[in-house]
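Residue 191 in the UniProt record's numbering sits at position 191 of the sequence shown, and the numbers go up by one each step.
Ideal Cβ placement from N, Cα and C applies to all residues, glycine included.
In what follows, a structure is listed as C-alpha cells, so that the remarks can point back to it.
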Amino acid sequence: MKSGVDSRLTGVLVFALELALVMSPFSIISYVPKLFFASLQTLIFVDLFMEWIVHARKSMYVSEYVIVWFTFIVMVLWNLQAGIVLGIVGAAFNFIVSYVESTSIRRVWKQSHVKRQFKERISLLKSRGSIVTLELDGYIFFGSSVNIMAQVRKHVLLTTDELLHQRSTRSLSTSVMATPNFNSHRLHGRISTRNNAATPANMGLMALDDMNEYLSEYSADAPIPACRTRFL
C-alpha cells in the first residue's frame, strides 16, 4: 500500500511464491545470506519506529506520546509481554485523568419562549434569583462525579459577600415591585388627555399601562437574568 500497489495480483503473486517455497524439496533459505535477514529486520524496525514514534507525535497528545515511549523502553529493556501489559495500564490511567479534566460545568443564560400571563411573569421574576442553568461538557463516570459536584456547588452556593449583596438586591426588588412607578399627577395628566374621561375603569387601565411600562425590559422575548443562589 505504501508503494502505491493496490492490485489483487500482488497478493496472488506473494501467495504463489510462498507456496513454492513450502513445496520446494530443498531449503531455499539455506542459500540466502544471513546479512539479508538482518537487513530486513533493520528495515522493518526503522519503518515502524518512524511511523509510530516520530511521525505519530503530530497526532497525539503529550500524555499519550509519553505512554508510547514508556511502552517502547519497557519492551527494549525488559520484554514484549511486560511492555504490552504496562502500556495498557498506563493508557487506562491516562484515559481516566484526561476524561476527569475534560468534564466541565458551564453556566448559561436560558429563557423559555412560552407566553405566560402577567401574574406568572411576576412570580417568575421574583424567583429568578433562585434559578441557575448549567450545562455539562464531557462524560459522567465514577472518576468525574466528585469534580462535577464541586463545580456545581461552586456555581450554586454563595459566598458571604455575595449573600449580603443578594439579600440587599432582593429587598430593593421587593420594594420596587410593591410600589408601581407612577404618581397621581402623571396619572391625572394622562387621563385628561383622553377626552377627560377620568373614570375608575380608565384609572385601572392607566395603572396597568404604567406597570407594563415598568416591566417592559422583561418582555416575553427578553432574557430573564439568573443569579446564583444559596439554595441547593
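Which of the three DSSP states is assigned to residue i in this structure?
i      : result
Asp137 : strand
Val54  : helix
Glu132 : The sequence shown places Val at residue 132, not Glu. In the structure shown, Val132 sits in coil (DSSP, three-state: anything other than H, G, I, E or B).
Gln111 : coil
Ser173 : The predicted position of Ser173 is uncertain, since its pLDDT is 48 and thus under 50; no value can be drawn from it.
Ser27  : coil
Leu157 : coil
Return the Cβ separation of residue i and residue j in integer angstroms, given the expectation that the two are a contact with Cβ distance under 8 Å.
i      : j      : result
Val108 : Glu135 : 5 Å
Asp137 : Ser104 : 5 Å
Tyr67  : Ala91  : Looking at the sequence provided, one finds Ile at residue 67 rather than Tyr. So it is a contact: roughly 6 Å between Cβ atoms.
Ser145 : Asn94  : Contact flag wrong, Cβ pair sits at about 19 Å.
Leu35  : Ile28  : Their Cβ separation, rounded to whole angstroms, is 16 Å, which puts Leu35 and Ile28 out of contact at 8 Å.
Over the uninterrupted beta strand (DSSP E) stretch that includes residue i, give me the two end residues.
i      : result
Arg107 : 104-108
Residue i lies in the alpha helix (DSSP H); which residues open and close that run?
i      : result
Trp69  : 62-77
Phe49  : 34-49
Ile122 : 118-126
Leu17  : 8-23
Who are the near neighbours of residue i in its chain, counting only those whose CB is closer than 6 Å to its CB and skipping five residues on each side?
i      : result
Ala178 : Residue placement at Ala178 is poorly supported in this model, since its pLDDT is 48, which falls under 50; the coordinates are not used for a value here.
Ile42  : The amino acid occupying residue 42 in the given sequence is Thr; Ile does not appear at that position. None.
Quick one: what's got a C-beta closer than 8 Å to residue i's C-beta in the same chain, skipping five residues either side?
i     : result
Val74 : Ala82, Gly83, Leu86, Gly87
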